[in-house]
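In full-length UniProt numbering, the protein residues as written are 1 to 245. Backbone N, C-alpha and C define an ideal beta-carbon position, used for all residues, glycine too. The block underneath contains the structure these notes are about, expressed in structure tokens.
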Amino acid sequence: MVEFTLRKGLAGGHDFSRWSALFQGGLTGPYRQVLVAVGNSVGLAVGTVLIVLLLLVPTMLLVHIRFPRLRRLLEFVCILPISIPAIVLVVGLAPVYSVLSRLAGSGVWTLSLAYGIIVLPYAYRAIQANLDAVDVRTLSEAARTLGAGWGSVLFRVLLPNLRRGLLAGAFIAVAVVLGEFTIASLLSRVNLQTALVVVSKADPYTAVILSLLSLILAFLLLLLIGRLGAERTSSPRHRPIGGRQ
């Protein structure tokens with residue numbers, strides 16, 4: 001992709017003229033929509049992560065602790081969207097979005113509801129793998145025995161032990177949202193992928209440059225999420241008895 005953007009054309013050779021022209025123009029004119037689309041995609045990624053985690057994690061913990069017989073049903077519901085094509089999902093969601101647009105508007109933020117459905121199987125598997133490795137019931141019962149409320153059990157006991165699963169689910173949600181095209185295109189919403197398709201029809205070289213920049217943006221965003229959630233490992237300093245070395 002980098003080599004393609006540096007080609008001079010039929011004359012042969014390579015230069016940075018397309019890169020310099022894009023940045024000198026400041027992404028104005030027909031490329032301004034790309035900046036809007038990047039903001040939309042980042043906002044959709046954040047909204048999708050919040051929706052999935054706020055709805056899925058408490059439900060999984062409740063089923064795991066109080067209603068273990070419903071685990072198979074919950075798993076079936078969460079895995080089901082992966083077997084349904086995106087076009088079929090759009091056909092089913094279209095009446096819902098028509099009602100939603102009349103009640104709350106048709107902003108691009110509404111895509112996060114559909115994205116929450118398509119990332120549900122991946123997030124469920126990531127969090128469930130972490131749940132299977134942690135004895136959630138014993139931890140919650142021990143905390144309750146020591147007098148902790150359910151809020152303290154959730155935020156101070158369970159969620160710290162599920163950090164890896166939550167981060168994995170967030171990684172997958174961000175990656176899926178930044179690369180999704182079908183639902184946004186069929187529902188006539190502007191995100192990063194639909195904007196790149198529009199730009200590619202006018203200038204394929206610029207579209208590839210913008211695709212490279214979007215890959216770098218996605219990488220930095222995932223790196224930031226991993227950095228924020230990484231455990232701080234610091235070796236404690238052992239002081240000898242009496243303070244002597």
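When beta bridges are read from the DSSP output, R7 appears opposite H14. Sequence-distant partners of T5 (beyond 5 residues in either direction) whose C-beta falls short of 8 Å from its own C-beta, in its chain, are R18, W19, Y205, V208, I209, L212. Where A148 is concerned, there is no enclosing alpha helix (DSSP H), because DSSP gives it neither an H nor an E. Burial state of L73 is exposed, judged by a 10 Å Cβ sphere holding fewer than 16 other Cβ atoms. DSSP, read as helix, strand or coil, puts P68 in helix. With contacts defined by Cβ atoms closer than 8 Å, N191 and V108 form a contacting pair.
A distance below 8 Å separates the beta carbons of A173 and V49. In the DSSP assignment, T110 falls outside any alpha helix (DSSP H) and carries neither an H nor an E.
In this chain, the alpha helix (DSSP H) harbouring P121 covers 120-133. In this structure, the alpha-carbon of S41 lies about 43 Å from that of G147. Distance check between A218 and each of M60, G179, S101, Q24 places G179 closest, using alpha-carbon atoms only. For L80, no alpha helix (DSSP H) segment is defined, and its DSSP state is neither H nor E. Note on T194: 16 or more other CB atoms within 10 angstroms of its CB, so buried under the neighbour-count rule. The beta carbon of D15 lies closer than 7 Å to those of L6, K8 in the same chain, with the five residues before and after it left out. The stretch 147-235 is shown to contain whole alpha helix (DSSP H) runs of 4 or more residues at 163-179, 182-186, 192-202, 204-229, in chain order.
When DSSP states are grouped into helix, strand and coil, S41 belongs to the helix group.
Sequence-distant partners of A114 (beyond 5 residues in either direction) whose C-beta falls short of 6 Å from its own C-beta, in its chain, are L93, I183.
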